[in-house]
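Using my numbering, the letters of the sequence shown map in sequence onto residues 865 to 1000. Quick notes on the structure that follows.
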Amino acid sequence: MAKRRGRKSIPRQNYKKYLDVAEHFYKAAKDSMDFDYWTASGVLIVHSAIAFSDALCIKLSGMKSIGENHEDTITLLDEVVGESDEKYKAMNQLRRIIEEKTKVSYLGELYSLSQTKDMLLRLERFRKWALEILNR
């Protein structure tokens, strides 16, 4: 397969490694919430969502997005997952998580409790959808 700019070929069975990473970030995000570390939790939520996306892309296409632009991750995921109402909703959750990350990263602000709770809820919705596909 020809190498595409911003994408890397990964053996499909390696999706499990990315799934493990996603689950570790997810659990650490929840633990951070217990200690009122909203910003740490927010960052872990973002990385968990991206790792779930990578796991999906690898399992379904043998490719993952590389680089700093998280929009590329969203684009690849959108390309490799079949159309459905559930996909539309899940992609919206991922986009909103990435938007929050972008706001905090470029404005130099800390995440608030309400932002982090909202992000965690979005991650849980995205995670549920991703696991349904990954466990098929």
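For glycine and all other residues, C-beta sits at the position ideal for the given N, C-alpha and C.
Subject >> Selected residue, minimal CA-CA separation from GLY870, among MET897, LYS965, LYS881 and THR939 >> reply: Residue THR939 is the option with its Cα nearest to GLY870.
Subject >> Environment of THR966 [buried if 16+ CB atoms lie within 10 Å] >> reply: With fewer than 16 other CB atoms across the displayed protein chains lying within 10 angstroms of its CB, THR966 is exposed.
Original post:
Rounded to a whole number of angstroms, what is the C-alpha to C-alpha distance between GLY906 and ILE997?
Top reply: Rounded to whole angstroms, GLY906 and ILE997 show a C-alpha spacing of 24 Å.
**OP:** Work out the CA separation of SER912 and GLU887 for me, nearest whole Å.
**Re:** About 7 Å.
Subject >> Straight-line gap, ALA915 to ILE922 (C-alpha atoms, nearest Å) >> reply: Rounded to the nearest whole angstrom, the CA to CA distance from ALA915 to ILE922 is 10 Å.
Subject >> DSSP three-state assignment for ARG1013, whether helix, strand or coil >> reply: Summary: the structure shown does not reach residue 1013, with the chain confined to residues 865 through 1000, and so no result is reported for it.
Original post:
In three-state terms, what does DSSP make of GLY870?
Top reply: GLY870 falls in the coil class under three-state DSSP.
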